[in-house]
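Asks: Once you've had a glance at the structure underneath, I'll fire off some questions.
Number of protein chains: 2
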Amino acid sequence: MAKPSAYIEKVTRELSRLPGIGGKSASRIAFYMLGMDRPAVERLVNAIIELKDNITTCSVCGGISDSGVCSICSDPGRDGKVLCVVEGARDIFTIEASGEFRGLYHVLGGLIAPLDGIGPDELNIQPLVNRCGSSKPEEVILALNPTIEGDATTLYLAALLSPLGIKVTRIAHGLPVGSDLEFADSATVAKSIEGRVRI
Amino acid sequence: MAKPSAYIEKVTRELSRLPGIGGKSASRIAFYMLGMDRPAVERLVNAIIELKDNITTCSVCGGISDSGVCSICSDPGRDGKVLCVVEGARDIFTIEASGEFRGLYHVLGGLIAPLDGIGPDELNIQPLVNRCGSSKPEEVILALNPTIEGDATTLYLAALLSPLGIKVTRIAHGLPVGSDLEFADSATVAKSIEGRVRI
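Residue numbers (the numbering used here), protein chains in the order written: chain C, 1 to 199; chain R, 200 to 398.
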């Protein structure tokens, strides 16, 4: 089997390291790039380099920021009385896309996972406690994934923050909108019954 | 809805222009890149730039080449008596990956599609005729997609090359290996019966 081009092989190999891109997709993208005009390729490449060079961590929430304090933390229009705790910076984008939340965020940088050697001290938890002490939010919403580690971290944070007189809540777990009971797994159905709300 | 980072938005937008990458995958990859070490990002970016800068068209087969005549056309170990005609340069990689073919290739650069204004003159067909005249292959295999345009181009080339005394064949159309008759579409089943072979 001949390898007609080392350059195509190289791009394919590098692209297939990215998440969600297998060998066939990588090869398809490499050939697509071959047909792109040079300015379009430069836009892509420069965007990637700028991303690596310029993004920093927001000193307030621990999320990502283009410069110093992030645009959400520095926005006076946001409601500082509600703090939403998320696992990673990407979760902020997901919640912002829903348009449902107008408060501020706090990024943990992970979840408590004793088997992986990640305890509370490895996470951005002490700064959260300090922040709650100084800015005194009325409510902290824990928006962590409904997994074993997410649930453990949720319980840990609730036990830590409730004594400070803060209302601690967690996002609802249940059936996704537009889904079908028939295809839901039993753990999700159990959660949706346990978390039922009065109408 | 706040946009926490213009850099992430930009990379996400550029990535989502690539084939097979939607908005969610693009965002996932952008965040993944944020976590990659700088040398890994540079390897990716440089591979893309090198690809754009260095790949040329092989003057013999019309496929892609890293320099001048491609590695397949210049390989004395390949069988020059068999020529495989494909639509695009990428098809060469696909056929090479099967390990089944040891001859040479010829890239048409498209298929005859009158509705899109693509006739034989827009394709790499005259050079194919010239090549057949000078190198006198014993067999030309037409490996075009089993679509209306592919079939039309196959018939056109067969009518063009057969009078030159060349054996013209086309690749088999039928059930993919590992598939199930139950799930095959009727056009494929019809092709598989029409193209049945004696065992």
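No residue lacks a Cβ here, since even glycine has one placed at the ideal position from N, Cα and C.
On the three-state DSSP scale, how would you describe S192(C)?
Replies: helix
Asks: Hey, would you say L142(C) sits closer than 8 angstroms to A159(C), going by beta carbons?
Replies: no
Asks: Assuming contact is defined by CB atoms lying nearer than 8 angstroms, are P218(R) and R17(C) in contact in what I supplied?
Replies: no
Asks: Who are the Cβ neighbours of T154(C) in its own chain at under 8 angstroms, not counting the five residues just before and after it?
Replies: Once the five neighbours on either side are set aside, the close Cβ partners of T154(C) are L142, L144 and R170.
Asks: With distance defined between alpha-carbon atoms, name the residue in I21(C), L104(C), A172(C) and S71(C) nearest to A190(C).
Replies: A172(C)
Asks: Taking 7 angstroms as the limit between beta carbons, can you name the residues of its chain near K366(R), skipping five residues before and five after?
Replies: E337 and E338
Asks: I'd like to know whether the C-beta of L111(C) is nearer than 8 angstroms to at least one C-beta of chain R.
Replies: no
Asks: In chain order, what are the residue ranges of uninterrupted beta strand (DSSP E) at least 3 long that sit wholly in the segment 288-343 of chain R?
Replies: 302-306 and 338-341
Asks: Cβ atoms of G174(C) and Y105(C): under 8 angstroms apart, would you say?
Replies: no
Asks: At a Cβ threshold of 8 angstroms, is K251(R) touching chain C?
Replies: Yes, K251(R) counts as interfacial toward chain C.
Asks: By DSSP, does G68(C) sit in helix, in strand, or in coil?
Replies: coil
Asks: For V210(R), does the three-state DSSP call read helix, strand or coil?
Replies: helix
Asks: Could you confirm whether any beta carbon from chain R is found closer than 8 angstroms to the beta carbon of C84(C)?
Replies: no
Asks: By Cβ distance, which residues of its chain are closer than 7 angstroms to V396(R), with the 5 residues on each side in sequence left out?
Replies: none
Asks: With respect to 7 angstroms, is the separation between the Cβ of K390(R) and the closest non-hydrogen atom of the ligand FMN below this value?
Replies: Annotation note on the ligand FMN: not contained in the displayed structure, which lists no ligands.
Asks: Should K113(C) and E149(C) be called a contact, given that it needs their Cβ atoms to be closer than 8 angstroms?
Replies: For clarity, residue 113(C) is Ala in the given sequence; the question names Lys instead. Their beta carbons are under 8 angstroms apart, which means A113(C) touches E149(C) by this criterion.
Asks: So, are the CB atoms of I254(R) and Y7(C) less than 8 angstroms apart?
Replies: yes
Asks: The beta strand (DSSP E) spanning L83(C) covers which residue range?
Replies: D79 to V86
Asks: From I294(R) to P120(C), what does the alpha carbon distance come to, in whole angstroms?
Replies: Near 54 angstroms, if we compare the C-alpha coordinates of P120(C) and I294(R).
Asks: Contact check, G103(C) vs K81(C) under 8 angstroms by CB: the rounded distance?
Replies: 7 angstroms
Asks: Closer than 9 angstroms between beta carbons: that is the criterion. Which residues of the segment 74-102 of chain C meet it against chain R?
Replies: Listed in sequence order: D75, R78, G88, A89, R90, I92, F93, T94, E96, A97, S98 and G99.
Asks: Take S134(C) as the anchor and find which of M33(C), L164(C), S5(C) and F101(C) has the nearest alpha-carbon.
Replies: L164(C)
Asks: Report the option in F230(R), E381(R) and K202(R) whose CA atom is closest to the CA atom of C70(C).
Replies: K202(R)
Asks: What three-state label does DSSP hand R17(C) in the structure shown?
Replies: coil
Asks: Would you mind giving the Cβ-Cβ distance between V244(R) and I49(C), rounded to the nearest angstrom? I have them listed as a contact below 8 angstroms.
Replies: 6 angstroms
Asks: Thinking C-beta only, is S266(R) closer than 8 angstroms to D66(C)?
Replies: Their beta carbons are not under 8 angstroms apart, which means D66(C) does not touch S266(R) by this criterion.
Asks: Which same chain residues end up closer than 7 angstroms to G221(R) when comparing Cβ atoms and leaving out the 5 residues on each side of it in sequence?
Replies: S215
Asks: Helix, strand or coil, according to DSSP, for V177(C) in the structure here?
Replies: coil
Asks: For G400(R), go through chain C and note every residue whose CB falls closer than 7 angstroms to its CB, in chain order.
Replies: Chain R is shown only over 200 to 398; residue 400(R) falls outside these bounds and no answer can be derived.
Asks: Starting from the beta carbon of I398(R), find every residue of chain C whose beta carbon is closer than 7 angstroms, and list them in chain order.
Replies: Here the premise fails: no neighbours, minimum Cβ distance about 28 angstroms.
Asks: Pull up the distance between the alpha-carbon of R131(C) and that of R90(C), whole angstroms please.
Replies: About 21 angstroms.
Asks: Under 8 angstroms Cβ to Cβ from E188(C), same chain only, skipping five residues before and after it: list those, please.
Replies: Per the sequence presented here, residue 188(C) reads as Thr, with Glu not at that position. So the list reads H173, G174 and L175, once near-sequence residues are dropped.
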